[in-house]
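Chains as they are written, first to last, in our numbering: chain W, 17 to 454; chain Z, 17 to 454.
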């Protein structure tokens with residue numbers, strides 16, 4: 017019988033406590049699956065006194081994360097503190113330098129320092145596993161790293177943030193505003209007091225950077241991701257999307273193009289019939305387009321203590337079984353630099369919502385500006401708010417105009433809309449949402 | 017540099033040829049992911065002369081599958097011949113006995129001889145990988161075996177046969193009969209000339225037996241699966257399902273109950289809002305209910321040369337990386353015998369469609385028989401085909417009655433319907449479809 021794998025856990029919040037509980041209650045199954053026992057030998061957390069509902073008798077309490085990471089008894093250091101900086105960074109570095117394996121759920125750390133850490137794992141022979149960092153219990157890291165090992169990937173995209181998907185779902189189903197839904201999400205604990213990390217798309221961007229690296233062999237780099245959040249989305253956009261056969265989702269999209277790997281996070285119109293459009297509420301989903309095969313979509317809980325702990329424990333079991341995959345799927349020397357594909361050169365269809373001032377010739381002016389940029393219009397809908405009757409006071413009321421374009425370039429759209437604004441035929445700023453075909 | 021993994025492939029149909037092609041074209045990525053090269057050194061197939069569009073120069077042609085399986089140069093034997101018997105069985109046994117690793121897409125072989133083969137792998141130290149056997153490129157085996165290693169599983173169910181889902185999708189969307197859709201499926205190559213293996217549910221049963229073993233630690237046994245096919249489904253069932261908020265899918269369901277592990281394949285009503293209900297056409301999907309976490313659903317192509325080859329190559333890459341998982345997730349000694357949970361004790365809701373003979377008191381007679389068996393009715397709909405007007409010729413016309421029951425037992429339903437038939441208040445046989453809640 018092989019000696020058990022000795023685990024040290026830094027961070028005992030909901031996830032950490034659940035990891036301790038699973039390792040204890042699932043001990044027999046885990047040993048059967050791994051070929052050896054798994055034992056928590058030491059832990060550390062900010063408060064030793066806090067009640068956690070798990071039995072920590074017989075488990076050593078390490079002074080601090082660094083002491084735990086370099087503890088001579090620990091084979092596998094589990095980092096559940098979070099944050100891109102210290103103490104997580106130094107502790108993970110120290111554990112890897114000591115030849116230990118590391119399991120972490122820390123997307124921020126990986127998006128910022130992933131390559132440095134993967135290099136350390138490669139040099140010293142430890143594993144660096146992070147299934148829980150993207151999509152919690154959804155096995156997307158394993159699928160990209162191992163399950164599609166022999167398949168070229170052309171695109172990976174998904175709903176990677178439950179907060180945003182919850183807000184967009186409520187907005188769509190109940191016709192509510194972004195602000196109202198955000199408030200509800202905060203009340204229910206789905207959104208933070210400062211929601212910007214989620215709703216501005218940064219959480220999605222960190223996760224996307226990790227997926228892109230695994231899919232395309234690029235060096236993980238959050239800075240290579242173009243990011244737009246969902247705060248500008250209005251209920252009328254969701255209604256118009258529905259009328260046109262689409263739903264609006266905050267997607268992270270990484271796609272191989274002739275100009276390099278595009279990585280972008282933005283509200284996106286997806287066909288209502290696509291798998292990704294069916295994903296509602298806090299649920300996450302990732303679709304992978306492999307070369308020559310129909311898309312594979314993985315759907316499930318993207319957050320939550322139990323779902324995150326499930327992935328952490330599976331990663332620990334892989335360490336116990338002796339699995340040493342390259343953290344980003346390939347040796348560091350084979351990963352190439354991420355060149356940020358310029359968003360201006362993005363190619364695709366666009367949804368554009370304008371508030372046209374009701375002058376004769378407004379529609380013609382808009383159409384002309386689009387034509388100048390060689391943008392073809394797939395559909396145009398103009399709806400008089402009062403059913404087309406002239407306003408009784410004789411004043412011109414702005415009329416919503418909704419355009420769907422055929423595939424064009426981002427810079428063409430930007431130039432056309434700048435010209436339309438200069439023409440003073442619209443009120444306010446145009447709303448622009450990119451369309452992603454499946 | 018580690019020596020390359022030397023692969024022998026038995027069977028060079030669409031899948032085998034695509035495996036050869038992927039190993040060649042993806043050589044660099046595969047080597048990066050696996051830490052060593054992968055090389056096809058020998059092959060065998062029924063016809064040496066057949067054009068396959070792949071370059072087999074420099075690859076040895078083995079006399080027969082057995083010669084390939086025991087070839088001294090082969091590290092990993094890839095079995096793509098199919099069939100539960102010889103030559104596949106003997107060849108796989110010989111390869112495992114020689115300490116080689118085996119990769120196969122052969123669900124029939126695994127459903128029938130899986131335990132014997134896993135034991136041989138365990139004894140002699142080779143891997144036995146079969147991701148392609150269920151859901152082709154959908155990484156469901158890896159997810160159950162590794163991705164949820166530390167999570168107790170309460171249920172796994174899915175759409176595991178593309179032919180049946182294609183037929184049910186067409187029937188639903190176009191109001192066609194089973195026979196018409198089957199004919200179309202045959203014309204399009206989605207169904208065999210003898211379609212019974214698919215439409216009678218046996219293909220799904222083999223795949224379900226494999227999933228159940230991985231999920232619950234039972235010894236894989238196709239004979240433990242209760243099987244019903246889709247040929248009795250009528251367009252009116254699909255219409256009624258839609259009216260009631262359901263869709264009908266052929267599901268394989270394995271679920272932990274108080275009476276043991278239930279394994280069953282039958283047409284099933286699933287809530288229209290569930291992930292599984294969205295899966296249309298030849299696409300497959302599997303949902304896994306882990307204890308304490310929301311369901312995880314994996315969706316993708318369940319068949320096709322490229323999708324199957326993708327999974328085969330990933331399995332080969334795992335062998336190259338040195339991964340040796342227990343084939344069914346646990347050591348053989350820990351797998352328990354599969355006791356067939358008796359279908360009569362199945363508990364759940366039921367959809368029942370009857371053709372009531374239009375006598376006074378028919379509805380009362382039916383309701384009484386159900387009440388005798390303590391079956392509570394959630395809804396009952398009776399629709400006169402001619403809108404309720406008495407037929408002009410004075411003859412009683414059968415009237416469709418559709419019942420949805422609350423959770424009850426299978427034997428209660430069977431007894432109640434037998435009594436209803438004895439009462440001679442209905443025409444023909446009642447249609448019964450089980451309801452699966454998500």
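Every residue gets a Cβ at the ideal spot worked out from N, C-alpha and C, and that includes glycine. What you are looking at is a predicted structure, and each value in this text was computed from that prediction instead of being measured.
Point to revise | Which of helix, strand or coil DSSP assigns to residue 239 of chain Z | key: Counting from 1 along the second chain, the entry for residue 239 of chain Z is found at position 223. Residue 239 of chain Z: helix per DSSP, three-state reduction.
Point to revise | Among Z:18, Z:19 and Z:42, the one whose alpha carbon lies nearest that of residue 325 of chain Z | key: Here residue 325 of chain Z refers to the residue found at position 309 when the second chain is read from its first residue. When each option's Cα is compared against that of residue 325 of chain Z, the closest is Z:42.
Practice item. Taking all protein chains shown into account, decide if residue 346 of chain Z is buried (16 or more other Cβ within 10 angstroms of its Cβ) or exposed. Key: Within the second chain, numbered from 1, the residue matching residue 346 of chain Z stands at position 330. Buried, since its Cβ has 16 or more Cβ neighbours within 10 Å.
Exercise for review: Check whether the Cβ of residue 25 of chain Z lies closer than 8 Å to any Cβ atom in chain W.
Suggested key: Here residue 25 of chain Z refers to the residue found at position 9 of the second chain. Not an interface residue.
Exercise for review: Could you round the C-beta distance between residue 372 of chain Z and residue 378 of chain Z to whole angstroms and report it? I think they count as a contact, below 8 Å.
Suggested key: Position 356 of the second chain, counting from 1, holds the residue named residue 372 of chain Z. Position 362 of the second chain, counting from 1, holds the residue named residue 378 of chain Z. 5 Å between Cβ atoms; contact.
Check your understanding: Using the beta-carbon of each residue, which ones in chain Z are nearer than 8 Å to residue 154 of chain W?
Key -> Counted from its first residue, the first chain places residue 154 of chain W at position 138. What residue 154 of chain W touches in chain Z: 312.
Review point. How is the alpha helix (DSSP H) around residue 219 of chain W delimited, first residue to last?
Key: For the purposes of this step, residue 219 of chain W is taken as the residue at position 203 of the first chain. Its alpha helix (DSSP H) spans residues 218 to 232.
Practice item. Check whether the region 273 to 286 of chain Z touches the region 242 to 257 of chain Z, taking contact to mean three or more Cβ pairs, one atom from each stretch, closer than 8 Å. Key: yes
**Study point:** Residues from the region 174 to 191 of chain W in contact with chain Z, defined by Cβ distance under 7 Å
**Key:** none
Exercise for review: Using a threshold of 8 Å, state whether the C-beta atoms of residue 327 of chain W and residue 188 of chain W are closer than that.
Suggested key: The residue labelled residue 327 of chain W in the question sits at position 311 within the first chain. The residue labelled residue 188 of chain W in the question sits at position 172 within the first chain. No, Cβ-Cβ distance for residue 327 of chain W and residue 188 of chain W is not below 8 Å.
Review point. According to the Cβ coordinates, are residue 357 of chain Z and residue 273 of chain Z closer than 8 Å?
Key: The residue labelled residue 357 of chain Z in the question sits at position 341 within the second chain. The residue labelled residue 273 of chain Z in the question sits at position 257 within the second chain. Their beta carbons are under 8 Å apart, which means residue 357 of chain Z touches residue 273 of chain Z by this criterion.
Review point. Which runs of the beta strand (DSSP E), 3 residues or longer, sit entirely within the region 353 to 393 of chain Z?
Key: 363 to 372
Check your understanding: Residues in the region 110 to 141 of chain W with C-beta within 7 Å of chain Z's C-beta atoms, listed in sequence order?
Key -> none
Practice item. Determine the contact status of residue 432 of chain W and residue 391 of chain W, defining contact as a CB-CB distance below 8 Å. Key: Taking the first chain and counting its residues from 1, the one referred to as residue 432 of chain W is at position 416. Taking the first chain and counting its residues from 1, the one referred to as residue 391 of chain W is at position 375. The answer is yes: Cβ separation under 8 Å.
Practice item. Could you check which residue in Z:454, Z:428 and Z:443 has the C-alpha nearest to that of residue 417 of chain Z? Key: Here residue 417 of chain Z is taken as the residue at index 401 of the second chain, counted from 1. When each option's Cα is compared against that of residue 417 of chain Z, the closest is Z:443.
Practice item. Tell me, to the nearest whole angstrom, how far the beta carbon of residue 19 of chain Z is from that of residue 44 of chain Z; I am working on the premise that it is less than 8 Å. Key: Translated into positions along the second chain, residue 19 of chain Z becomes position 3. Translated into positions along the second chain, residue 44 of chain Z becomes position 28. In fact, because the Cβ distance is near 17 Å, the residues do not count as touching under 8 Å.
Review point. Cβ atoms of residue 214 of chain W and residue 181 of chain W: under 8 Å apart, would you say?
Key: Residue mapping note: residue 181 of chain W aligns to position 165 of the first chain, counting from 1. Residue mapping note: residue 214 of chain W aligns to position 198 of the first chain, counting from 1. Result no, Cβ atoms of residue 181 of chain W and residue 214 of chain W do not sit closer than 8 Å.
Check your understanding: Cβ of residue 236 of chain W less than 8 Å from any chain Z Cβ?
Key -> Position 220 of the first chain holds residue 236 of chain W. Chain Z contact via Cβ: absent.
Review point. Under a CB-based cut-off of 8 Å, is residue 347 of chain W close to chain Z?
Key: In the first chain, residue 347 of chain W corresponds to position 331, counting from 1. Taking Cβ atoms only, chain Z reaches closer than 8 Å to residue 347 of chain W, which makes this a yes.
Practice item. Taking only the alpha-carbon atoms, compute the straight-line gap between residue 47 of chain W and residue 342 of chain Z and give it to the nearest angstrom. Key: By one-based count along the first chain, residue 47 of chain W stands at place 31. By one-based count along the second chain, residue 342 of chain Z stands at place 326. Cα to Cα, the separation comes out at about 11 Å.
Review point. Does any CB atom of chain Z fall closer than 8 Å to the CB of residue 20 of chain W?
Key: Sequence index remark: in the first chain, residue 20 of chain W carries index 4 (1-based). So, not an interface residue.
Check your understanding: For residue 334 of chain Z and chain W, any beta-carbon pair shorter than 8 Å?
Key -> Here residue 334 of chain Z refers to the residue found at position 318 of the second chain. Yes, residue 334 of chain Z counts as interfacial toward chain W.
Check your understanding: What are the boundary residues of the beta strand (DSSP E) that residue 81 of chain Z is part of?
Key -> On the second chain, position 65 is the one that residue 81 of chain Z refers to. Taken as a continuous stretch (DSSP letters only), residue 81 of chain Z belongs to no beta strand (DSSP E), being part of the alpha helix (DSSP H) at 81 to 85.
Exercise for review: Helix, strand or coil for residue 176 of chain W, going by three-state DSSP, please let me know.
Suggested key: Taking the first residue of the first chain as position 1, residue 176 of chain W is located at position 160. Coil.
Review point. Is residue 422 of chain W buried or exposed, if buried means 16 or more other CB atoms sit within 10 Å of its CB?
Key: In the first chain, the residue the question calls residue 422 of chain W occupies position 406. Looking at its Cβ environment, which holds fewer than 16 other Cβ atoms inside 10 Å, residue 422 of chain W is exposed.
Review point. Do residue 24 of chain Z and residue 87 of chain Z come within 8 Å of each other at the CB atom, strictly closer than that value?
Key: Numbered from its first residue, the second chain carries residue 87 of chain Z at position 71. Numbered from its first residue, the second chain carries residue 24 of chain Z at position 8. Yes, the Cβ-Cβ distance between residue 87 of chain Z and residue 24 of chain Z is below 8 Å.
Point to revise | Pick from Z:196, Z:179, Z:209 and Z:336 that is closest to residue 267 of chain Z, judged by C-alpha positions | key: Along the second chain, one-based indexing puts residue 267 of chain Z at 251. Taking only the C-alpha atoms, the option nearest residue 267 of chain Z is Z:179.
Check your understanding: According to DSSP, is residue 249 of chain W helix, strand or coil?
Key -> Working through the first chain from its first residue, we reach residue 249 of chain W at position 233. Note: residue 249 of chain W maps to coil in three-state DSSP.
Review point. Taking Cβ-Cβ distances shorter than 7 Å, what residues in chain Z pair up with residue 271 of chain W?
Key: Counted from its first residue, the first chain places residue 271 of chain W at position 255. By Cβ distance, chain Z contributes nothing, its closest Cβ being about 18 Å from residue 271 of chain W, past 7 Å.
Point to revise | Uninterrupted beta strand (DSSP E) stretches inside the region 87 to 163 of chain Z (no shorter than 3 residues) | key: 92 to 95 and 117 to 120
Check your understanding: So is residue 233 of chain W buried or exposed if we call it buried at 16+ other beta carbons inside 10 Å?
Key -> What you label residue 233 of chain W is simply residue 217 of the first chain in a count that begins at 1. Burial call: buried.
Check your understanding: According to DSSP, what are the bridge partners of residue 304 of chain Z?
Key -> Position 288 of the second chain, counting from 1, holds the residue named residue 304 of chain Z. The partner list for residue 304 of chain Z (beta bridge, DSSP) reads Z:172 and Z:312.
Review point. Given residue 306 of chain W, which residues of its chain have a CB within under 8 Å of its CB, disregarding the five upstream and five downstream residues?
Key: The residue labelled residue 306 of chain W in the question sits at position 290 within the first chain. Same-chain partners within the cutoff: 164, 167, 168, 169, 170 and 312.
Review point. Residues in the region 28 to 40 of chain W with C-beta within 9 Å of chain Z's C-beta atoms, listed in sequence order?
Key: 34, 35, 38 and 39
Check your understanding: Looking only at its own chain, which residues have a Cβ that is under 7 Å from the Cβ of residue 275 of chain Z, when we skip the five neighbours before and after it?
Key -> Numbered from 1 along the second chain, position 259 holds the residue referred to as residue 275 of chain Z. If we look at residue 275 of chain Z and ignore the five residues flanking it on each side, its Cβ neighbours are 357 and 361.
Review point. Taking the runs of the alpha helix (DSSP H) that are 4 residues or longer, which of them lie wholly in the region 410 to 450 of chain Z?
Key: 426 to 438
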